[in-house]
Each structure stands twice: as C-alpha cells, then as structure tokens.
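One structure is given here, and the rest of the page talks about it.
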Amino acid sequence: MTLTHPTTGHTATADHIYATGLRNQWHPVVPSHFVAPGGMRKVTALGEDWLLFRRGDSTLHMLADRCPHRGARLSLGKHLGDRVACWYHGVEVEGDGTVSSVPGLPGCNLEGKKLVTSLPVREIGGAILAYFGDEQHPEPCELTLPEPLTDPGTEAILCYAEWNVPWRFGMENLLDPMHGQFLHHESHTMFDGDTTAKFRIRETDRGYFFEKTDQRGVNFDWVELCRTGVDWVDLSIPYPPSAGPGGPFGIVGMICPVDAHRSGVFFWRYRNVEGWQRDTWRFLYRTLIEKRHWEVLEQDRVMLEAMPHDADQAENLYQHDLGVVRLRRLYRAAAEQQAAALASPEPAAATAPAGV
Amino acid sequence: MTPWPYLDVHQSRTHEPTPYEYKLAATLEEVFTKEGHELADVIRGLNARQVHAPNGTPWTEDTFRAEMHRLGA
Ligand code: FES
Ligand SMILES: [Fe+2]
Chain A
1 MTLTHPTTGH
11 TATADHIYAT
21 GLRNQWHPVV
31 PSHFVAPGGM
41 RKVTALGEDW
51 LLFRRGDSTL
61 HMLADRCPHR
71 GARLSLGKHL
81 GDRVACWYHG
91 VEVEGDGTVS
101 SVPGLPGCNL
111 EGKKLVTSLP
121 VREIGGAILA
131 YFGDEQHPEP
141 CELTLPEPLT
151 DPGTEAILCY
161 AEWNVPWRFG
171 MENLLDPMHG
181 QFLHHESHTM
191 FDGDTTAKFR
201 IRETDRGYFF
211 EKTDQRGVNF
221 DWVELCRTGV
231 DWVDLSIPYP
241 PSAGPGGPFG
251 IVGMICPVDA
261 HRSGVFFWRY
271 RNVEGWQRDT
281 WRFLYRTLIE
291 KRHWEVLEQD
301 RVMLEAMPHD
311 ADQAENLYQH
321 DLGVVRLRRL
331 YRAAAEQQAA
341 ALASPEPAAA
351 TAPAGV
Chain B
1 MTPWPYLDVH
11 QSRTHEPTPY
21 EYKLAATLEE
31 VFTKEGHELA
41 DVIRGLNARQ
51 VHAPNGTPWT
61 EDTFRAEMHR
71 LGA
C-alpha cells in the first residue's frame, strides 16, 4: 500500500523525505519580517507550496497554497484580515484552514469544513518556524528552542540567505568544521590554527559534538548537532580583538529544506554581551562586521552551489568526515523510518497520537 | 512571485551608515585592538584620537553609552 500526501499527491517515499526534509519536526521557513502585519507571502518548504499570512495584530498563519475548491493558488488571493479569499471564485479560508464562506453558493457544504492544511507556527529570533507533520503526526512535537536565542545575556542577530543547494549539503557543511581552515582561511576570523587535526564524536542527549581533540578556541574547532524538535547546530568562532569585549561569537545554524535542490539558511551570530558591550557590538556589526561575515558565507555558497548533485555518490572520505557520515546515517535512517511508518497499515510508532 | 534567491549583505542595518558612523566604527576597532576592552580604555582611546561625539565634545562614559545605545539598539 502506498500512501500519498493528502493535498499534493506526492508519494512519501524515503527518497522523497530524504530529499525534501524530515517530517514530524519543526523547520525554519523565512524571516519574520518577510510577512508584514496585513501581508501575505508565498513560500516553498519541504517541497510544497505554502501561504503565510499575518493578521493586523501580528498573528501568523500558514496554509497550504491550494484552494480547497479547484486548487488555485490562495497566494494569488486577497487578504481579508483574518482570512484569505481565493481570487478564482472567491472561496474564503480562515487561518486554521476552515472554509468560512463560498460566496457563489451560500450554504454550500464546503462551508465550516477544515479543508486546507494549516501548520502550527512559532516565531523566534526573527524567524518563523513551522511544524511539518505527516498524516500520522499532525500534532506538533515538543520544541526546545536554542538557548542562545532565548538567554537574556546573549545577543543574537539573524542572517538569512537562499542557496541553490540541497538542504543535506548545507547541514553536512556545518558538520565539517575543518573546511574553515581552508575555504575560509582568507577571512577575518578563521585565519589561525593548525591545518591538520584529529576529530572525535561525543554523544549528547540531544545529538552529538564533532570536535577537534587537539585545538579549541582558535578556529571553527567544534560543532554540536542539536535535535530538539527543530534541528540546529551550535558552534563558536573567535573574534579578533578589534571586535571588542564579549569573546568569541557563536552561530546557531538552521536550514529550511525548500525543495530537493534549494535551501534557506538561517545563521544567528550570537555573543554573550549586555549593556554598552552589546550596543557596541551591534553597532560594529551593522557598520563593518556584517559585511565580513557575509563574505565568508558567500564562500560556502559558491562552493556548495557548484557541487555536483551526485557529489555524495562517489567520495573518498577520511577521518575528518566522520561528522558528515554520522549525520547522513542519522537522516537516512529517519527518512526510511518515516516512510515505512506511512506505508504500514497500522501506525508503527508508539508515539503516534491517538485517533490516527 | 516571490523573488529567489534572497541574498542581502546588510540585514541588520536601518540605514546606510553616515561618514561619522563609519569613522567611529573604524576608530573603535583600532582602539579595541591597541588600547583594550574596558570602557575606560575606549573613552581614553577615542578622545586621544580626537574622534569625538557629534557635538564635538570629548566622550564621557555616559555620553558614549548613550551614543552606542542610539546606534546599536
Ligand atoms: S479555485 Fe479557489 S475559489 Fe475556486
Ligand atoms: Fe563555512
């Protein structure tokens, strides 16, 4: 038996899930400011098209971009404050996906039915996160936010960019700290340190560290993969003395699988600063540092966008790639498991919510 | 259609920095490098370089805090 996505007809194979992002967890979508109060925005995420719309009071909704009548794009429709009207025949859909009105045929039995997929959303650190469940897991899983984005003594500034890169390549790049020493050697923060290293994997209760055994605090020397309802990485890179007090800057990184070939990358640069130190860092960041950080990010983009699509099919890996191998195994296994659960007649997972 | 890709170098700015802001930022980097990271070091370093507040007066800790808050908040 093959199950298909209720609205798009996509077969949820392991390959499809692996290519377009794991289900049953939260993912970042776009920065919050992409959707102004009273505004709408069409976005693609996990290989599907969505409509984000925000009410005047800032409440945000995320709907499948597909009219329940004949499938027209709701994103071409009209924002009616707390609902959207499809441009084609005027059907009105509320933020939770309920059809509130069929203007052409009042009393039509579509009215009052919840016919459009609506995703739970949260906003954190200037970004929109959404929960992407499959048919068996429509209720959002628990979400623990990255501490650097919630700690009062930590100041985080978001940088968002869109890359023509599969999400997995983006994640693998983050679990590959050694590229900092080479790709980013000509940068303001990653010029220092040894060009040889030994790495180890250290398990944590939320993921794992991939770290150098012989150097810390000099370059991009460690990274932690954290799976806390949303997948993110934490890492730290030293600042030169010119950046002032507060020590190194950290990065919380997340990636939105847009579709099989594109990603939205979210990098929060954070620093443990408060008061005048915070203000001064933000001033320097805006005026001078942000551009330097951007140039480093562009090196990653250029390298990753030029990777052959089948780059991971013919590799010769060495010790520095253990973090990547581990990541791939983890994601591949999760994709297989999710596809298998969807294909089996009974919900396979003991954690499946009741009533599915 | 939503444009793709979004690639914006400057996402944290509210305006293009003024010549004054560029000069202040560059001098701060020099001061942090040569003088230190304490607030007293910064005030001394800026005043020694005659990079003053917009009204031309030497910095004090209070005026510097207030200006950084205005520019960095
Ligand atoms: S397709 Fe949207 S109202 Fe008909
Ligand atoms: Fe990089």
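Residue numbers (this note's numbering), protein chains in the order written: chain A, 1 to 356; chain B, 1 to 73. Here a beta-carbon is modelled for each residue, glycine too, at the ideal position from N, C-alpha and C.
Does DSSP put E290 of chain A in a helix, in a strand, or in coil?
In the first sequence, the residue the question calls residue 290 of chain A occupies position 290. If DSSP states are grouped into helix, strand and coil, E290 of chain A belongs with the helices.
Can you tell me whether R70 of chain A sits near ligand 1, meaning its C-beta is under 7 Å from at least one heavy atom of the ligand?
Here residue 70 of chain A refers to the residue found at position 70 when the first sequence is read from its first residue. Checking the Cβ of R70 of chain A against ligand 1 gives yes.
Is there at least one Cβ from chain A nearer than 8 Å to Y20 of chain B's Cβ?
Taking the first residue of the second sequence as position 1, residue 20 of chain B is located at position 20. Cβ-Cβ to chain A under 8 Å: no for Y20 of chain B.
For H293 of chain A, is the beta carbon positioned less than 7 Å from some heavy atom of ligand 2?
Taking the first residue of the first sequence as 1, we reach residue 293 of chain A at position 293. Residue side-chain check: H293 of chain A keeps its Cβ at 7 Å or more from all non-hydrogen atoms of ligand 2.
Could you tell me if E142 of chain A is buried or exposed, where buried requires 16 or more neighbouring beta carbons within 10 angstroms of its beta carbon?
Start at 1 with the first residue of the first sequence, and residue 142 of chain A comes out as number 142. So E142 of chain A counts as exposed.
N- and C-terminal bounds of the alpha helix (DSSP H) containing E172 of chain A:
Mapped onto the first sequence, residue 172 of chain A falls at position 172. W167 to L174 is the span of the alpha helix (DSSP H), which, as asked, contains E172 of chain A.
Coil, strand or helix - Y396 of chain A by DSSP
Here chain A covers residues 1 to 356 and nothing more, so residue 396 of chain A does not appear.
Are there 16 or more other CB atoms within 10 angstroms of the CB of V302 of chain A, so buried, or fewer, so exposed?
Walking along the first sequence from the start, residue 302 of chain A turns up at place 302. Its Cβ having fewer than 16 others within 10 Å, V302 of chain A is exposed.
K42 of chain A lies in the beta strand (DSSP E); which residues open and close that run?
Position 42 of the first sequence, counted from the first residue, corresponds to residue 42 of chain A. K42 of chain A -> beta strand (DSSP E) spans M40 to A45.
Are there any heavy atoms of ligand 1 lying less than 7 Å away from the beta-carbon of G90 of chain A, as far as the coordinates show?
For the purposes of this step, residue 90 of chain A is taken as residue 90 along the first sequence, with counting starting at 1. In terms of side-chain proximity, the C-beta atom of G90 of chain A is found nearer than 7 Å to a non-hydrogen atom of ligand 1.
In this structure, does DSSP put W232 of chain A in helix, strand or coil?
On the first sequence, residue 232 of chain A is found 232 positions in, with the first residue counted as 1. Of the three classes helix, strand and coil, the one that applies to W232 of chain A here is strand, per DSSP.
Assign P257 of chain A to buried or exposed, taking buried as 16 or more other Cβ atoms, counted over all protein chains shown, within 10 Å of its Cβ.
Working through the first sequence from its first residue, we reach residue 257 of chain A at position 257. So P257 of chain A counts as buried.
Using DSSP's beta-bridge definition, name the partner residues of Y160 of chain A.
Translated into the one-based positions of the first sequence, residue 160 of chain A becomes position 160. When DSSP reads this structure, Y160 of chain A sits in a beta bridge with A:F266.
Quick check: the stretch 171–178 of chain A against the stretch 8–23 of chain B, are there 3 or more CB pairs under 8 Å?
Contact between the stretch 171–178 of chain A and the stretch 8–23 of chain B is absent: fewer than 3 CB-CB pairs across the two stretches fall below 8 Å.
Considering only their Cβ atoms, is the gap separating P54 of chain B from E162 of chain A smaller than 8 Å?
Position 162 of the first sequence, counted from the first residue, corresponds to residue 162 of chain A. Position 54 of the second sequence, counted from the first residue, corresponds to residue 54 of chain B. No, the pair does not count as a contact, with Cβ atoms beyond the cut-off.
Is it right to say I237 of chain A is buried, meaning 16 or more other beta carbons lie within 10 angstroms of its own, or is it exposed?
Translated into positions along the first sequence, residue 237 of chain A becomes position 237. For I237 of chain A, the number of other beta carbons within 10 angstroms of its own is at least 16, and it is reported as buried.
Closer than 7 Å between beta carbons: that is the criterion. Which residues of the stretch 186–212 of chain A meet it against chain B?
Of all residues in the stretch 186–212 of chain A, none comes within less than 7 Å of chain B when Cβ atoms are compared.
is_contact[T2 of chain B, chain A] using C-beta, thresh 8 Å:
Translated into the one-based positions of the second sequence, residue 2 of chain B becomes position 2. With a threshold of 8 Å between beta carbons, T2 of chain B makes contact with chain A.
Under the three-state DSSP convention, the category D310 of chain A falls into:
In the first sequence, residue 310 of chain A corresponds to position 310, counting from 1. In the structure shown, D310 of chain A sits in coil (DSSP, three-state: anything other than H, G, I, E or B).
Just grab the DSSP bridge partners of K78 of chain A for me.
Along the first sequence, read from residue 1 onward, the residue named residue 78 of chain A stands at position 78. A:A85.
Chain B contacts from the stretch 214–248 of chain A (Cβ-Cβ distance under 8 Å):
Legend: CB atoms of the stretch 214–248 of chain A lying less than 8 Å from CB atoms of chain B belong to residues P240, P241, S242, A243, G244 and P245.
Closer than 7 Å: residues whose CB approaches a heavy atom of ligand 2:
Residues flagged by the Cβ proximity filter: A:N173, A:H179, A:G180, A:L183, A:H184, A:V296, A:Q299 and A:D300.
Under 8 Å, do F220 of chain A and M171 of chain A count as touching if we go by C-beta distance?
For the purposes of this step, residue 220 of chain A is taken as residue 220 along the first sequence, with counting starting at 1. For the purposes of this step, residue 171 of chain A is taken as residue 171 along the first sequence, with counting starting at 1. Contact check for F220 of chain A against M171 of chain A fails: the beta carbons are separated by 8 Å or more.
Can you find a CB in chain A that lies within less than 8 Å of the CB of G56 of chain B?
On the second sequence, position 56 is the one that residue 56 of chain B refers to. Taking a beta-carbon distance threshold of 8 Å, G56 of chain B does not count as an interface residue toward chain A.
Classification of S344 of chain A by the beta-carbon crowding that lies within 10 angstroms, buried from 16 upward:
Counting from 1 along the first sequence, the entry for residue 344 of chain A is found at position 344. Per the 10 Å Cβ criterion, exposed.
Tell me whether N316 of chain A is buried or exposed, calling it buried when 16 or more other Cβ atoms sit within 10 Å of its Cβ.
Along the first sequence, read from residue 1 onward, the residue named residue 316 of chain A stands at position 316. Under this definition N316 of chain A is an exposed residue.
Would you mind reading off the limits of the beta strand (DSSP E) that contains W59 of chain B?
To locate residue 59 of chain B, count along the second sequence from 1; it is residue 59. Per DSSP, W59 of chain B belongs to no beta strand (DSSP E) and is neither H nor E.
C86 of chain A beta carbon near ligand 1 (any heavy atom closer than 7 Å):
Here residue 86 of chain A corresponds to residue number 86 of the first sequence, with the count starting at 1. Inclusion of C86 of chain A in the 7 Å shell around ligand 1 follows from its C-beta lying nearer than that to a non-hydrogen atom of the ligand.
Does any C-beta atom of chain B lie closer than 8 Å to the C-beta of N164 of chain A?
Taking the first residue of the first sequence as position 1, residue 164 of chain A is located at position 164. It does; some Cβ of chain B falls within 8 Å.
Identify whether T98 of chain A lies in helix, strand or coil by the three-state DSSP scheme.
Reading the first sequence from its first residue, position 98 is the one you call residue 98 of chain A. Strand.
Which residues does DSSP list as the beta-bridge partners of T204 of chain A?
In the first sequence, residue 204 of chain A corresponds to position 204, counting from 1. DSSP lists A:G207 as partners of T204 of chain A.
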